Each structure stands twice: as structure tokens, then as C-alpha cells.
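Some notes on the structure that comes next.
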Amino acid sequence: MKKIIDWLEERLPLAAAREFASHKTVPTHRYSVVYYLGGMTLFFFLVQLASGILLMLYYRPSAEVAFESVEFIMTRVPFGWLVRSMHSWSANLMVFFAFLHLVTVYFTKAYRPPREMTWITGCVLLFVSLAFGFSGYLLPWNQLAFFATKVGTDIFGAMPVLGEWLLRFFRGGDRVTGGTLSRFYGWHVAILPAVCLGVLAFHLLLVQIQGMSVPPVAEEEAKRRRAMKFFPNFALRDLFGWILALGVLAAVAALFPWELGDKADPFAPAFKDIRPEWYFMFMFETLKLVPGGEIFGVEYEAIPILAFGFAGVLLVLVPFLDKGVQRTGRSPLFTRLGVVAVTYMVGMTAWGYRSWTPVLVMVASAVVVLILELATRRVYRRGDKP
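Numbering follows this note's numbering, with no gaps: position 216 of the sequence shown is 216.
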């Protein structure tokens, strides 16, 4: 073993890597728990990668046999049902933790200089995660996925100027067909993973170079307290969280296996109440509130679509727009805007599931209360109140 290590030492900068790891530290303060959210998102992405590769061994991206191949995975392949269920559940958990990670980064002002590029790459990773969810939803080729994809792509078609081109681009034609399935499969297993891995590598490199950001309200506390060594202290805590998450994921996947439904039939009547995945629900509910008609040749439905796109651009540009955080490290205006945005998203999502039990509304309310606590009570300490 020593000879192998010596051989590697001559060819790779292992000594420099060990030296870097031995000196890398993580700040400790009351908000240190948020540092684990990025690692948790990474864990669920790795689960997606591993389970997705296993599913690719049996899946066939064809309208004629796609449904049957998934059915074969779930009924004939040993533990195939569990792998597919873990893939589906981990996809939702990955998006959830990506959202949560971005929200905590936003409210702790971790995007302030010199971490603008870290924020931008993080936003790109969130958008790619949503694209993963949208493209993967159609692959089982069941009734719900078919009609949900039809509705989702119709939304792109409502956009002015580029609407018709976008509709054809996503569908590969005028209608959702086997060509659409093949196109979504190519994005899901080739293009999006390549983009995600490249951006993720750059994102992690920036985090390692720049270190963990300390929230402005915790800077004095972080100076007083001793920093935690990244290796092994923080790394072992991160690993413990991964093991715990794996156990929870396996239990949920086994106890609540992901359903397959019925095979897609383009000639069957559409479902009465088609709903997207929960992370698109706030957009879907917003569009449902828009009346029919048009103004100046632009359909009313296109206005919120353009607004969501504009909001996404503003989100990416937050580090450059928030001048207050650049000067003083605090920005009450952007904190309030964040509270309004998150409250709207959580509220509209809960409203979309209003047929569920009141438990979901209670959970959504608790999330909003926690965000308000973090954003309005903590951030405005030491005379920063508006």
C-alpha cells in the first residue's frame, strides 16, 4: 500500500491536498446548521445519479414500450421497484433541499462579495434541478405524465414571439408524441447531467476556495468562537447526515412506493384535475387565476410567464442589485422582498393542494413563520431595523 501511495504522490499533488484540508475550517455560530444543506442536496443528487444509471439499464425511451419497460423494472427486476421509488423520492428531496439551501443563503446574505459567482452557479444548479424534474416526469409514459407534459409545454406556447418555436422545440413537433419522449430522455440522461456536473464542480471549487460565508449578524459571534476543522469534524458530521438521509429515503421509498398508473393514451380524455409536481405548483396556481383574453396582441397568460422569467433573472443578479449588503452587510429591502416571495410561493403551493388534509397548510404556515423569524427578527439586530 505504501508503494502505491508513494507512486501516486509522485504524480498527483496529494500532499498539497492534505495540507489544504488540514487547514480548512468552518465557522461556528448559531446558524452553522445551514452549512449542511448544500451537502444534503449533493447527497440526493448522487442518489439520483446512481439510481438513474441502474434504471437506464432496463428503460427503453419509446412510446411503444416505455411504459412496459418501467413496468418490467417494477415487477420483474430484483428490487427494481425500490430503485425507481428511491429515484423518484430523491428527486423531490433534491429539489426541496436545493430550494431550502438557496433560501438560507439568500437570507444570511451569503451572496455578498466576493461570492457572487458561487451564488450564480447555485441558481443555475437550482434551475437545472427543475429541468431534471420537468424532463423526467414524462419518461414513465403514463396518463398523468402525458397530459401534465402537454399542459406544461402549452404554457411555453403562450409566450409572445417565441411561443410557437418553443412549443415545437420542447415537443419536437405540434403534439406530444414518441418524439417528445425521446427528446426529453436525451435531455434528462445526457445534456442536463453534463451541464449539472460541470456547474457543480465549479460551484464546489468556489466554496472550497472562498470558504463558508458568515451571516452579518453572526460575525462577532464567529470571531469569539473557535472554528471547526473541516476534516474530519465537519466532514464526519456531513457524512452522518448523509447516512441518516439514506435511511429515511429507503424507508419512505419502501413504505410509500412510487405509483406507475396507466399507460398514456393520447386519445383518452384529459384528467379533470391535472397538477404538476409540487415545485411548479405556485406557478400553476398563478396561471389558473389569469382570465382569458389578450392585450395589445399579447395573451394575458403570457404576462405571469414573462414575470416568472424576469424574476428568475433578478434572482441571479441579486448580488449586483443589492447595494446595501455590499456597503454595510445588511439589506432590509431585499430581506422583505425575499419574505414576500417565499410566502407567496409557499402559500400558493399550499393552496394548490387545498383538497388535502389541513396538515399541509399547517406545515406551510410553520415554514413561513420560521422564515419570518430568521428574516425579520434576526437580520435586523444591532440597529438595523427599518
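For every residue, glycine included, the Cβ atom is placed at its ideal position computed from N, Cα and C. Since the structure is predicted, the reported quantities are computational estimates derived from the model, not experimental observations.
Nearest to residue i by CA position, among the options, is which residue?
i	options	result
F170	R183, L162 and N233	R183
V271	G198, F147, V161 and R60	In the sequence under discussion, the amino acid at residue 271 is Phe, which differs from the Val named in the question. Of the candidates G198, F147, V161 and R60, the one whose C-alpha sits nearest the C-alpha of F271 is F147.
T180	F134, P216 and K223	F134
L54	E259, L42, V77 and Y36	V77
G172	R226, Y185 and V161	Y185
W187	M228, L138, H203 and E221	L138
V316	L102, M40 and F20	L102
P113	Y344, W258, V95 and K323	K323
Q48	T104, F308 and C196	C196
P266	M345, I305 and V176	V176
G312	V189, M56, V128 and K150	V128
E299	V161, K109, V342 and R11	V161
P27	K223, I243, Q326 and W242	K223
T41	W242, K229 and Y353	W242
G261	L14, E71, K2 and L333	E71
Y353	F202, F334 and M281	M281
G347	P13, E301 and T286	T286
V248	A16, L14 and S85	S85
V214	P257, T104 and G198	T104
P216	A110, L321 and R11	A110
V325	P13, A17 and R115	R115
T153	A302, L333 and H203	A302
D174	T149, V189 and F240	T149
V189	G52, V33 and H87	G52
W258	P332, G163 and H87	H87
Write down the C-beta distance between residue i and residue j rounded to the nearest angstrom, noting that I regard them as a contact closer than 8 Å.
i	j	result
T118	Q208	Contact doesn't hold; Cβ gap of about 10 Å is too wide.
A268	F67	Actually they do not touch by this definition, with Cβ atoms about 13 Å apart.
G178	S62	6 Å
M212	Y35	6 Å
L144	F156	The pair is not a contact, with the Cβ atoms about 19 Å apart (cut-off 8 Å).
P276	F284	5 Å
F43	A245	6 Å
H29	A235	19 Å between Cβ atoms; not a contact.
V151	I274	6 Å
G136	A91	7 Å
Y279	L130	6 Å
E9	A17	About 11 Å separates the two Cβ atoms, so there is no contact after all.
Measure the C-alpha to C-alpha separation of residue i and residue j and round it to an integer number of angstroms.
i	j	result
A50	V83	9 Å
A194	L125	12 Å
Y59	G122	31 Å
F132	I191	10 Å
A158	I295	13 Å
E19	D238	20 Å
W141	L100	30 Å
L200	G293	42 Å
F45	A98	10 Å
P319	G338	13 Å
R330	W7	51 Å
K288	M74	35 Å
W89	V252	8 Å
G80	T349	31 Å
F107	A227	22 Å
F231	P304	46 Å
K24	I120	23 Å
L37	V65	39 Å
A21	L206	15 Å
T357	W351	At T357 the pLDDT is 47, less than 50, meaning the model places this residue with poor confidence; the figure from the coordinates comes in the next sentence. When rounded, the distance between both Cα atoms is 12 Å.
L57	A250	21 Å
H309	W165	The residue you asked about is not His; residue 309 is Gly in the sequence shown. Distance between the alpha carbons of G309 and W165: 17 Å.
L314	R225	36 Å
N233	V340	37 Å
K229	H203	21 Å
V33	L255	29 Å
T389	I5	The structure shown has nothing for residue 389, since the chain only spans 1 to 386.
K2	L12	15 Å
R336	G163	33 Å
Give me the DSSP bridge partner(s) of residue i.
i	result
V298	I295
V26	M228
N92	Bridge partners of N92: none, in fact.
When you measure from the CB of residue i to every non-hydrogen atom of the ligand MG, does any distance come out below 7 Å?
i	result
W242	Of ligands this structure carries none, so the ligand MG is not represented either.
Go through the region 200-268 residue by residue and report every complete run of the alpha helix (DSSP H) that reaches 4 residues or more, in order.
219-224 and 235-255
Length-filtered (4 minimum) alpha helix (DSSP H) runs lying within the region 25-57
35-56
Within the region 319-351, ranges of the alpha helix (DSSP H) (whole runs, at least 4 residues):
323-327
Could you pull out every unbroken alpha helix (DSSP H) segment of at least 4 residues lying fully inside the region 118-200, listed in chain order?
143-157, 163-171 and 178-186
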